[in-house]
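Engineer:
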Amino acid sequence: MFIIVTKGIRKRWDLNSVNRLYLKPYPLPSLFRFQDWKFHKEYCLKIKAAGTNTFDAILFAVNETKPRLVKIPWELIPGDEDDPVRYQKLDADIWFKQPQSSKRTLYFHQWGINGPELGYSLCFLYDDNFGINGSPVNRCIEHVTGGRAGHQWCGNILALRMGISYDFYENVDMQNDLKPFVTYFEEYGKVRPAS
């Protein structure tokens with residue numbers, strides 16, 4: 087039960103009422119809904135502004151235990167005289183708000199580190215400065231790997247499929263792509279890549 091003061095009037099709200107009021111159409115896990123409604127509002131506005139220019143990505147959220155699908159807005163950056171190559175610029179800033187955050191993308195195309203080829207490439211965005219900027223440990227990766235991750239990941243991680251090149255992306259498929267990501271997180275830092 088929460089007490090919210092609006093225009094000098096105190097009103098009691100239960101969590102379900104707050105969720106119905108603030109969190110449509112993209113609900114967050116119930117434990118974090120009330121405290122993250124400002125984030126959710128920012129997220130919804132970005133998705134609405136992007137229109138059809140969004141990708142489905144798997145979010146391994148720092149403060150959750152289950153990965154979930156989210157939309158990532160993007161824009162096509164045209165080439166110019168100096169660099170004629172077009173690319174898709176992802177707008178993932180709302181998931182990387184730590185001071186001195188530096189987003190980095192890691193690409194892979196095998197099941198784990200040395201496993202069989204997937205037939206397509208996967209990638210994930212993470213904060214490369216998580217070791218120095220105070221990002222908390224990623225509870226979601228700890229949970230999905232059963233505590234067997236070969237590296238201590240911190241901060242939010244967004245997982246995508248790579249498109250026709252490193253500069254283009256596609257929607258991720260939770261059913262087919264989650265297990266390769268989990269295997270990668272388990273093996274990264276434990277298994278040496280084959281030469």
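FYI, in my numbering the residues of the sequence shown are 87 to 281.
Cβ coordinates follow ideal geometry from the N, Cα and C atoms, glycine included.
#1: Buried or exposed: where does P111 fall if 16 or more other Cβ atoms within 10 Å of its Cβ makes it buried?
#2: Would you identify the three-state DSSP class for E128, choosing helix, strand or coil?
#3: Locate the alpha helix (DSSP H) running through R225, then write down its first and last residues.
#4: Whose C-beta lies closer than 7 Å to the C-beta of F216 among residues of the same chain, with five residues either side of it excluded?
#5: In whole angstroms, what is the alpha-carbon distance linking F194 and T231?
#6: Is DSSP giving A245 helix, strand or coil here?
#7: Assign Y206 to one of three DSSP states: helix, strand, or coil.
#8: In chain order, what residues of the same chain lie with their CB nearer than 7 Å to the CB of W235, ignoring the 5 residues before and after it?
#9: Between the alpha carbons of N257 and A143, how many angstroms are there, rounded?
#10: Thinking C-beta only, is K157 closer than 8 Å to T138?
#11: Provide the residue(s) that pair with F146 in DSSP beta bridges, ordered along the chain.
#12: If we call anything under 8 Å between Cβ atoms a contact, is P153 one with L162?
#13: From which residue to which residue does the beta strand (DSSP E) around V156 run?
#14: Per DSSP, what kind of secondary structure is Q186 in: helix, strand or coil?
#15: Would you tell me roughly how many angstroms separate the C-alpha atoms of N200 and P279, rounded to the nearest one?
#16: In its own chain, which residues sit with a C-beta less than 8 Å from the C-beta of K183, not counting the 5 before and 5 after it?
#17: Any idea what DSSP makes of T140, helix, strand or coil?
#18: On a CA-only basis, which of N149, K265 and D168 is nearest W181? Give me that one, please.
Structural biologist: In brief:
#1: Only weak support is given to the placement of P111: the predicted model assigns it a pLDDT of 45, under 50, and the question is left unresolved by the model.
#2: In the structure shown, E128 sits in a helix (DSSP, three-state: H, G or I).
#3: Here the alpha helix (DSSP H) through R225 covers R225 to V230.
#4: Residues C240 and G241 of the same chain have their beta carbon placed closer than 7 Å to that of F216, with the five preceding and five following residues left out of the count.
#5: One C-alpha to the other measures close to 18 Å.
#6: Reduced to three states, the DSSP call for A245 is strand.
#7: DSSP places Y206 in strand when its eight states are reduced to three.
#8: Sequence check: residue 235 is Ala here, not Trp. In its chain, beyond the 5 residues on either side, I227, E228, F271 and E272 have a beta carbon closer than 7 Å to the beta carbon of A235.
#9: Cα to Cα, N257 sits roughly 6 Å from A143.
#10: No; because the gap between Cβ atoms is not below 8 Å, this pair is not in contact.
#11: The bridge partners DSSP lists for F146 are I243.
#12: No, the Cβ-Cβ distance between P153 and L162 is not below 8 Å.
#13: Taken as a continuous stretch (DSSP letters only), the beta strand (DSSP E) holding V156 covers R154 to I163.
#14: In the structure shown, Q186 sits in coil (DSSP, three-state: anything other than H, G, I, E or B).
#15: When rounded, the distance between both Cα atoms is 6 Å.
#16: Here the set comprises nothing.
#17: When DSSP states are grouped into helix, strand and coil, T140 belongs to the strand group.
#18: Sorting N149, K265 and D168 by C-alpha distance to the C-alpha of W181 places N149 at the top.
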